[in-house]
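Enquirer: Take 1 as the starting number for the sequence shown in full-length UniProt numbering and just add one per residue.
Starting off with a structure, shown below.
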Amino acid sequence: MTFHDRLKQGSPLLATFVKTPHPMVIEVLGGTALDALILDCEHSPFGWADIDRAVLAARAVGKPILARLPDDQPTGLLKLLDMGADGVVVPHVSTARQARDIVRAAHYGDGGRGFATTTRAGGYGRLGMKEHLDASAAPTILVQIEDPAAVDNIDDIVAVPGISGVFIGPADLAIAYGVNDLSAPRVIDAMTGVIASARKAALPVACFAGSSGAVKALYDRG
Ligand code: 3PY
1 MTFHDRLKQG SPLLATFVKT PHPMVIEVLG GTALDALILD CEHSPFGWAD
51 IDRAVLAARA VGKPILARLP DDQPTGLLKL LDMGADGVVV PHVSTARQAR
101 DIVRAAHYGD GGRGFATTTR AGGYGRLGMK EHLDASAAPT ILVQIEDPAA
151 VDNIDDIVAV PGISGVFIGP ADLAIAYGVN DLSAPRVIDA MTGVIASARK
201 AALPVACFAG SSGAVKALYD RG
């Protein structure tokens, strides 16, 4: 079963951000029970060649790999998916319009995502066109809810077709609300609303855990 299918099924999953741009880190993490790895290209010094090597290493060790890009630009989404990543985490998504643009950029069919058979996603020309389209049909797209505007607009964001789930960023939310604690009541209230809206839309919710102790509490909250 693919990572995307497991996410859709609602299994509790555990991933880690990877901050060090060296493929050996991916190889080592490939031997763990983690369900996926997420390259943190927003807050770490990953260049495109580093991302390429990391995706190659993840595929070699059979570990699903996503990347958190620094922004929501279609050029970055295209490069990442062409390299054969399983999906993307997009930071600071605050409106349904932004979410729709991201989904369009990540999918073939309506001109949103450019198509080339010469990429890793296309098996460097070895996949037929249909096989390539089938293999890349549903990349995992997690939108990060980490701004007060995103919390206000959450019902519209989760209604966007093609979004695979939401990813709560409690640290950015805390900063935005002027508190310095990931479990401050203001942050927890916002999370509760986001989780309820995502549930209603039958979307899974991911969240950054500030410590290993926070993991169980997050699973318990859904
Ligand atoms: C946040 O907590 O704001 C994050 O983006 C986690 O990486």
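Every residue gets a Cβ at the ideal spot worked out from N, C-alpha and C, and that includes glycine.
DSSP puts L66 in a beta bridge; with which residues?
Expert: Note: L66 sits in a beta bridge opposite I38 and G87.
Enquirer: How about D82: is its Cβ closer than 7 angstroms to a heavy atom in ligand 2?
Expert: Here the bound small molecules are ligand 1; ligand 2 is not part of this structure.
Enquirer: Using a Cβ-Cβ cutoff of less than 8 angstroms, which residues in the same chain neighbour T2 once the five nearest sequence positions on both sides are dropped?
Expert: So the qualifying residues of the chain are P64 and D86.
Enquirer: DSSP on T75, reduced to helix/strand/coil?
Expert: In this structure, T75 counts as helix in the three-state DSSP scheme.
Enquirer: Helix, strand or coil for V18, going by three-state DSSP, please let me know.
Expert: Residue state, collapsed to three classes: strand.
Enquirer: Using 7 angstroms as the cut-off, classify the Cβ of F3 as near or not near the heavy atoms of ligand 1, replying yes or no.
Expert: Incorrect: F3 has no Cβ contact closer than 7 angstroms to ligand 1.
Enquirer: When every heavy atom of ligand 1 is checked, does at least one fall within less than 7 angstroms of the C-beta of F46?
Expert: Because no heavy atom of ligand 1 lies under 7 angstroms away, the Cβ of F46 does not count as near it: no.
Enquirer: Pull up the distance between the alpha-carbon of Y124 and that of G84, whole angstroms please.
Expert: Distance between the alpha carbons of Y124 and G84 is about 11 angstroms.
Enquirer: Is T119 helix, strand or coil when you go by DSSP?
Expert: Note: T119 maps to coil in three-state DSSP.
Enquirer: At a threshold of 7 angstroms, does D172 count as lining ligand 1 (C-beta to nearest heavy atom)?
Expert: D172: yes, Cβ under 7 angstroms from ligand 1.
Enquirer: Going by the DSSP bridge assignment, what does I168 pair with across the sheet?
Expert: I168 is bridged to I145 and C207.
Enquirer: Run through the DSSP bridge pairs and tell me what T95 is partnered with.
Expert: The partner list for T95 (beta bridge, DSSP) is empty, contrary to what the question assumes.
Enquirer: Pick helix, strand or coil for T192, following the three-state DSSP scheme.
Expert: Residue state, collapsed to three classes: helix.
Enquirer: Quick check on this structure: which residue in D155, A135 and T32 has the alpha carbon closest to the alpha carbon of H4?
Expert: Selected option, being the one with the closest Cα: A135.
Enquirer: Per DSSP, what are the beta-bridge partners of V140 in this structure?
Expert: For clarity, residue 140 is Thr in the given sequence; the question names Val instead. Answer is G87.
Enquirer: Buried or exposed for H107, going by 16 or more other Cβ atoms inside 10 Å?
Expert: H107 should be labelled buried.
Enquirer: Determine, using beta-carbon pairs with one atom in the segment 192-203 and one in the segment 148-162, whether at least three such pairs fall under 8 angstroms.
Expert: Touching, per the Cβ criterion.
Enquirer: Flag this pair as yes or no: are the beta carbons of L7 and T140 separated by less than 8 angstroms?
Expert: Yes, they are a contact pair.
Enquirer: Just to check my reading of the structure: I51 and A67 have Cβ atoms closer than 8 angstroms, yes? What is that Cβ distance to the nearest angstrom?
Expert: About 6 angstroms; that satisfies the 8 angstroms criterion.
Enquirer: Rounded to the nearest angstrom, what separates M191 and L133 at their Cα positions?
Expert: C-alpha separation (whole angstroms): 36 angstroms.
Enquirer: Could you check how far apart the C-beta atoms of D82 and A138 are, in whole angstroms? I think they sit under 8 angstroms.
Expert: Not really, about 16 angstroms apart at Cβ, beyond 8 angstroms.
Enquirer: Would you mind reading off the limits of the alpha helix (DSSP H) that contains M24?
Expert: Unbroken alpha helix (DSSP H) run through M24: P23 to L29.
Enquirer: Relative to the C-alpha of A15, which candidate in G222, Y177, A209 and R221 has its C-alpha closest?
Expert: Selected option, being the one with the closest Cα: A209.
Enquirer: Less than 8 angstroms separating the beta-carbons of G222 and I195?
Expert: Yes, these two residues count as a Cβ contact at 8 angstroms.
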